[in-house]
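Colleague: One structure, as structure tokens, below. Some questions next.
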DNA sequence: AAAAATATAACGAACATTCGGTATGTTAAA
DNA sequence: TTTAACATACCGAATGTTCGTTATATTTTT
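Residue numbers (this note's numbering), protein chains in the order written: chain S, 42 to 235; chain L, 42 to 235.
Structure (structure tokens):
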């Protein structure tokens with residue numbers, strides 16, 4: 042690969058990374074291209090060489106994030122055999138990502154997409170969310186979890202860990218999330234078990 | 042009351058109402074004082090006559106919203122005798138408010154406060170949240186709910202209904218939330234019952 | 001030398017805020 | 001009770017700043 046191609050890719054990745062950080066910390070509208078350029082240590086012109094607009098950066102970040110969560114959920118649900126352990130793995134992975142890949146998950150959960158893209162659905166209500174609902178519906182039919190409204194089930198599965206994660210991010214919880222994960226899973230499982 | 046005092050109060054309330062709507066719909070940084078002025082049918086100067094800055098409006102909205110939720114939770118928890126029904130009432134009221142006073146709850150749950158006020162804690166992690174945690178701790182000691190970490194308990198109580206409300210707002214759910222409230226409460230109660 | 005990557009300078013629009021001025025309500029002296 | 005003095009509510013143009021974006025210049029790679 043040519044040196045310039047590599048450099049170009051590196052710069053693009055840097056712009057993505059720093060943009061996501063700033064969008065999460067300061068909000069999309071409160072982040073200027075000058076902020077991004079400064080954070081990357083490059084000029085605004087360099088940004089416009091790689092992207093055609095601020096919005097394009099945000100849109101690509103959305104798509105990347107949806108893909109990331111889709112892959113995460115898909116792999117997680119395939120990694121175990123029993124339903125109980127599939128769900129346990131999902132809860133654990135969510136909590137893990139909340140600490141290990143905080144910015145990405147904050148971007149997915151906190152950024153209001155319709156503020157940027159008109160008619161754009163929030164990440165957690167699009168692909169990844171629907172995938173979980175489909176999974177839960179199938180498990181219901183197999184009798185592996187309690188029969189209930191599929192939306193309610195999805196809300197039970199995601200609502201409890203996500204809320205824990207959010208109060209951790211808000212600094213209400215000081216301790217490491219790891220110590221809560223077993224208790225959180227048991228709570229989730231109580232709402233779903235047949 | 043003097044005519045001017047009344048007029049002043051009406052204008053201030055109008056500015057509050059329209060600002061909150063716009064902050065929720067368009068976001069704080071994407072809402073200009075011109076937007077607010079236009080929505081109120083007044084001039085930007087009139088706004089500065091009543092408030093000293095855009096930030097002051099937002100800060101006052103925060104404080105009002107915290108008070109509103111505090112009162113709601115306090116009254117709700119006193120309105121029933123049995124723990125089970127206190128919690129049921131709380132879940133039902135949350136769901137009711139999500140439809141009847143959507144803008145206020147969206148402001149409480151969606152607006153990222155640190156974007157506006159540095160060092161400001163999110164509403165749902167401050168007063169109202171702590172009140173629920175204290176309530177749950179007391180109920181645990183009395184043996185009315187299962188002994189568990191108080192943060193986990195609070196997360197179970199709030200996380201499930203709040204997530205339902207959010208996917209309704211995101212238009213993932215089309216139906217009226219009322220039809221889910223019994224099932225949602227039962228899910229919450231399963232995680233808490235002794 | 002050509003092309004790609006980056007830097008710099010500048011544009012017009014939109015922003016929060018300020019301010020001189022007006023119209024209306026309120027108070028108090030005549 | 002009339003009227004003069006003041007206070008409050010509001011207007012809309014103007015201020016200086018920052019924004020996203022573009023045009024152009026410079027550097028680096030091919």
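Just so it is clear, CB atoms sit at the ideal spot from N, CA and C, and this is done for glycine as well.
(1) Once DSSP output is grouped into helix, strand and coil, what is the label at residue 83 of chain S?
(2) Suppose the cutoff is 8 angstroms on Cβ atoms and the five residues either side in sequence are ignored; what does the same chain contact list for residue 197 of chain S look like?
(3) Judging by CA-CA distance, which residue of S:151, S:202, S:88 and S:79 is the nearest neighbour of residue 66 of chain S?
(4) Does the pairing of the segment 197 to 209 of chain L with the segment 129 to 143 of chain L give three or more beta-carbon distances under 8 angstroms?
(5) Please decide whether residue 231 of chain S counts as near chain L, where near means a Cβ-Cβ distance under 7 angstroms.
(6) Take residue 60 of chain S and list the residues in its own chain whose beta-carbon comes closer than 6 angstroms to its own, dropping the five residues that flank it on each side.
(7) So which residues of chain S does residue 190 of chain L contact, with C-beta pairs closer than 7 angstroms?
(8) For the alpha helix (DSSP H) holding residue 185 of chain L, just list the boundary residues, first then last.
(9) Measuring alpha carbon to alpha carbon, tell me which residue in S:105, S:80, S:74 and S:186 is nearest residue 92 of chain S.
(10) Just to confirm, are residue 193 of chain S and residue 224 of chain L a CB contact at a threshold of 7 angstroms?
(11) According to a CB-to-CB cut-off of less than 7 angstroms, which residues of the segment 77 to 88 of chain S neighbour chain L?
(12) Whole angstroms is fine: what's the gap from residue 215 of chain S's alpha carbon to residue 168 of chain L's?
(13) Would you say residue 71 of chain S faces chain L, with C-beta separation under 7 angstroms as the test?
(14) Would you say residue 144 of chain L faces chain S, with C-beta separation under 7 angstroms as the test?
(15) What is the rounded straight-line gap between the Cα of residue 220 of chain S and the Cα of residue 69 of chain S?
(16) Less than 7 angstroms separating the beta-carbons of residue 236 of chain S and residue 145 of chain S?
(17) If the cut is a Cβ gap below 8 angstroms, which residues of chain S does residue 205 of chain L touch?
(18) Sort S:51, S:96 and S:64 by Cα distance to residue 156 of chain L and report the nearest one.
(19) Within 10 angstroms of the Cβ of residue 47 of chain L, are there 16 or more other Cβ atoms? Answer buried if so, exposed if not.
(20) What does a CB cutoff of less than 7 angstroms around residue 55 of chain S pick up in its chain, not counting 5 residues either side in sequence?
(21) Report yes or no: is there a C-beta of chain S within less than 7 angstroms of the C-beta of residue 168 of chain L?
(22) Mind checking whether the beta-carbon of residue 177 of chain L lies closer than 6 angstroms to any heavy atom of the ligand FAD?
(23) Is there a Cβ of chain L sitting closer than 7 angstroms to that of residue 138 of chain S, yes or no?
(24) So, with DSSP's three-state summary, where would you put residue 68 of chain L?
(25) When the Cα atoms are used, what is the spatial distance from residue 109 of chain S to residue 87 of chain L?
(26) List the whole-angstrom C-beta distance separating residue 14 of chain L from residue 104 of chain L, where the pair is believed to meet the contact cut-off of C-beta under 8 angstroms.
Modeller: In short, the structure shows the following:
(1) Here residue 83 of chain S sits in coil by DSSP.
(2) Taking residue 197 of chain S as the centre and dropping the five residues before and after it, the same chain places the C-beta of 229, 232 and 233 closer than 8 angstroms to its C-beta, in chain order.
(3) Nearest C-alpha to residue 66 of chain S: S:151.
(4) Under the Cβ criterion (8 angstroms, minimum of three pairs), the segment 197 to 209 of chain L counts as touching the segment 129 to 143 of chain L.
(5) Yes, residue 231 of chain S counts as interfacial toward chain L.
(6) Around residue 60 of chain S: 77 and 98.
(7) The contacting residues are 221 and 224.
(8) No alpha helix (DSSP H) holds residue 185 of chain L; DSSP gives it neither H nor E.
(9) Of the candidates S:105, S:80, S:74 and S:186, the one whose C-alpha sits nearest the C-alpha of residue 92 of chain S is S:74.
(10) Between residue 193 of chain S and residue 224 of chain L, the C-beta gap is smaller than 7 angstroms, which places the two residues in contact.
(11) Residues: none.
(12) Taking the straight line joining both Cα atoms gives about 17 angstroms.
(13) Yes, residue 71 of chain S counts as interfacial toward chain L.
(14) By this cut-off, residue 144 of chain L is not an interface position.
(15) One C-alpha to the other measures close to 33 angstroms.
(16) Nothing can be reported for residue 236 of chain S, as the shown portion of chain S is limited to 42 through 235.
(17) By Cβ distance, chain S contributes 192, 193, 196 and 200.
(18) Here the closest residue by C-alpha is S:64.
(19) Exposed, by the Cβ-count rule.
(20) Sequence-distant partners of residue 55 of chain S (beyond 5 residues in either direction) whose C-beta falls short of 7 angstroms from its own C-beta, in its chain, are 81.
(21) Taking CB atoms only, residue 168 of chain L has no neighbour in chain S less than 7 angstroms away.
(22) No copy of the ligand FAD appears in this structure; indeed no ligand is present at all.
(23) Output row for residue 138 of chain S: interface = no.
(24) The answer is coil: DSSP assigns residue 68 of chain L none of H, G, I, E or B.
(25) When rounded, the distance between both Cα atoms is 48 angstroms.
(26) The structure shown does not extend to residue 14 of chain L, since chain L is modelled only from 42 to 235, so the question has no answer here.
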